[in-house]
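Undergrad: Have a look at this one.
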Amino acid sequence: TLSHSFVHLGTIFFLLSLQFNSIDFLLYSQLAACTVVQRDCTAYSGTRCRSCDLGTFMNQLNGLSNCFPCTTCDTGHGLFVKRNCTAKTDTVCDVLNGYYCKRLIDSNGCSLAEKHSQCEAGQRIKESGTSRSDTVCEDCQPGFFSKDGVKCTAWKT
């Protein structure tokens with residue numbers, strides 16, 4: 001009968017959808033174990049993967065065919081390598097002494113550093129700079145002076 005044929009058709013479509021879902025799952029599980037794709041899967045073979053080359057990394061599940069380049073920590077701009085790049089993690093940079101971080105990454109590393117401000121004559125250091133904050137300067141009170149911008153001293157009469 002016609003209704004019986006529709007039931008068989010529905011069963012066939014259901015089984016086909018299960019097959020495609022299992023293929024999607026298989027592809028996903030292959031990519032999960034994959035660094036980057038060297039060759040996409042075909043009807044006859046699975047995905048072929050490759051590792052990242054030195055100086056590159058991949059830190060996410062993907063279907064990409066290239067790894068990301070590792071970040072370089074520029075000492076000329078106040079950064080140093082806190083943790084080296086691996087095939088699965090990017091380089092983590094932090095700031096050199098005398099600098100503070102202007103752009104934090106995951107509260108763990110820094111991508112942009114700036115030299116601590118120097119207080120001017122007539123000012124004192126209210127708060128010393130840290131790796132995460134700039135120096136805070138404050139004007140000397142009346143009757144006090146500072147030649148070097150570090151500490152206010154009372155005028156001698």
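Position 141 of the sequence shown, counted from 1, bears residue number 141 in UniProt numbering, the numbering being contiguous throughout.
Here a beta-carbon is modelled for each residue, glycine too, at the ideal position from N, C-alpha and C.
Predicted model only: the values in this text are computed from it and were never measured.
With distances taken from CA atoms, which of Pro69, Gly76, His77 is nearest Thr91?
TA: Counting from one through the sequence shown, the residue named residue 91 turns up at place 91. Residue Pro69 is the option with its Cα nearest to Thr91.
Undergrad: For a quick check, are the C-beta atoms of Leu79 and Leu61 less than 8 Å apart?
TA: Mapped onto the sequence shown, residue 79 falls at position 79. Mapped onto the sequence shown, residue 61 falls at position 61. Going by C-beta atoms, Leu79 is not nearer than 8 Å to Leu61.
Undergrad: Going straight from the alpha carbon of Ser133 to that of Val81, what length do you get?
TA: If you number the sequence shown from 1, residue 133 lands on position 133. If you number the sequence shown from 1, residue 81 lands on position 81. Straight-line Cα distance between these residues: approximately 19 Å.
Undergrad: Rounding to the nearest angstrom, what Cα-Cα distance links Leu64 and Gly76 in this structure?
TA: By 1-based counting over the sequence shown, the position of residue 64 is 64. By 1-based counting over the sequence shown, the position of residue 76 is 76. In a straight line, the C-alpha of Leu64 is about 33 Å away from that of Gly76.
Undergrad: Whole angstroms are fine: how far does the CA of Thr130 sit from the CA of Ala43?
TA: Within the sequence shown, residue 43 is the residue found at index 43, counting from 1. Within the sequence shown, residue 130 is the residue found at index 130, counting from 1. Rounded to whole angstroms, Ala43 to Thr130 spans 58 Å at the Cα level.
Undergrad: Using a 10 Å radius around the Cβ and a threshold of 16 neighbouring Cβ atoms, would you call Ser29 buried or exposed?
TA: Indexing the sequence shown from 1 puts residue 29 at position 29. Interpretation of Ser29 is limited by its pLDDT of 44, a score under 50 that renders its predicted location unreliable; the figure taken from the coordinates is listed afterwards. By the 10 Å Cβ count, Ser29 comes out exposed.
Undergrad: Can you give me the Cβ contacts of Cys119 inside the same chain, cut-off strictly under 6 Å, excluding the 5 residues immediately before and after it?
TA: Indexing the sequence shown from 1 puts residue 119 at position 119. Excluding sequence neighbours, Cys119 sits near Ile125, Cys137, Gly149.
Undergrad: From what residue to what residue does the beta strand (DSSP E) around Arg124 run?
TA: Working through the sequence shown from its first residue, we reach residue 124 at position 124. Residues 123-127.
Undergrad: Does the Cβ of Gly98 have 16 or more other Cβ atoms within 10 Å, making it buried, or fewer, making it exposed?
TA: If you number the sequence shown from 1, residue 98 lands on position 98. Burial call: exposed.
Undergrad: Does the beta-carbon of Ser128 have 16 or more other beta-carbons within 10 angstroms, so that it is buried, or is it exposed?
TA: Looking up residue 128 in the sequence shown gives position 128. So Ser128 ends up on the exposed side.
Undergrad: Short of 7 Å in beta carbon distance, which residues of its chain neighbour Asn108, apart from the five on each side in sequence? Order them along the chain.
TA: In the sequence shown, residue 108 corresponds to position 108, counting from 1. Once the five neighbours on either side are set aside, the close Cβ partners of Asn108 are Val92.
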